[in-house]
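Note that this note's numbering has the sequence shown beginning at 5, numbered continuously upward.
For glycine and all other residues, C-beta sits at the position ideal for the given N, C-alpha and C.
Report on one structure; see the data block that follows.
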Amino acid sequence: MTSTAMFPSSPRLPQRLHERLLARPAVRAVLALLCVLIPFALAMWLTNAVPKPWRATWPLLLAAAGVTAGYAFYVRKVERRALTELSAAGAWRELGGGIGIGALLAVACSVILLASGAWSVTGLAAPGVMLKPLPEQIMVALFEEILFRAVIFRLLEQSWGMKAALVGSTLLFVLAHMPNDGFSLLAATMTGVASLVFTFAWLVTRRLWLPVGLHFGWNYLLDAGVAVPVSGHAARGWVQVAASGPEWLTGGAYGIEGSVVTLVAWGVAGVALAVVARRNGK
5 MTSTAMFPSS PRLPQRLHER LLARPAVRAV LALLCVLIPF ALAMWLTNAV PKPWRATWPL
65 LLAAAGVTAG YAFYVRKVER RALTELSAAG AWRELGGGIG IGALLAVACS VILLASGAWS
125 VTGLAAPGVM LKPLPEQIMV ALFEEILFRA VIFRLLEQSW GMKAALVGST LLFVLAHMPN
185 DGFSLLAATM TGVASLVFTF AWLVTRRLWL PVGLHFGWNY LLDAGVAVPV SGHAARGWVQ
245 VAASGPEWLT GGAYGIEGSV VTLVAWGVAG VALAVVARRN GK
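Structure (structure tokens):
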């Protein structure tokens, strides 16, 4: 009797071991994080390696493409399923809806702060400044939503349930913003609320387009349109604004996302999206 006859299943042992490893939630989570973070890290290294005049455009778009491709690779090779969360069907409608919600929130908060006297318009920059933040905000919206919603929230939910996933992904999102300038208790609270709103937007469709659009619409309109800090990053927008008043109103160095006005507006948006997600059974 040959060894092949004695152990007929032995050639399948590596495959079975491979399948058992991939079935473990911790292994899948590590692989998903690596597939997203490695392309991002390589693109950021490339950004610092190229001459400064080139850094503001294609390296950031390359990072966005790399992160998206890395996540797609993980889903198809590890989870072995179709990439439904980034499918083209209905993408423009959901993306446009998210951008509209984000822009509406940005305009509403800006109008309230202007009307209250916390902001005052001091002038206008050249309109061309509105193009500079575009590649960065595309990259930020895609990277953060893929990482925190499609990877962290989704995989935590699969392992530990909805409540644990909401808490875990929100805490990690806040921690990721802690090094930013002007970070405070109010800024941390608002950042946590923003994370919940993005997650509720994900739950409405279980796809990325709505939260990506919301994230981009808010960030880009404020970064490119109004010269106020966003999440502690320097102001560089078209409408030049001076802030005066208490930090709980203006947001201080953290910017509009550290303002109680933004906290209330995003809280209302979060409740509305949570209701829609619940009705959709997501």
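Under the 8 Å Cβ criterion, the segment 143-151 does not count as touching the segment 254-266, having fewer than three qualifying pairs. In this structure, DSSP gives A231 an extended state, which the three-state scheme calls strand. Note that the C-beta distance between M134 and W242 is below 7 Å.
The beta-carbon separation of E89 and R210, rounded to 7 Å, stays under the 8 Å limit for a contact. Distance from P43 to V54 at the Cβ level is roughly 16 Å; contact not present, criterion being Cβ atoms closer than 8 Å.
Within its own chain, the residues whose Cβ lies closer than 7 Å to the Cβ of P131, once the five positions on either side in sequence are excluded, are W242, listed in chain order. If you look at L87, you'll find it isn't in any alpha helix (DSSP H); DSSP assigns it neither H nor E.
Counting along the chain, no alpha helix (DSSP H) covers L226, and no H or E run does either. Collapsing the DSSP output to three states places S263 in coil. Here the segment 109-123 makes contact with the segment 265-281; the two share three or more CB pairs at distances below 8 Å. Boundaries cannot be given for W242, as no alpha helix (DSSP H) includes it and DSSP labels it neither H nor E.
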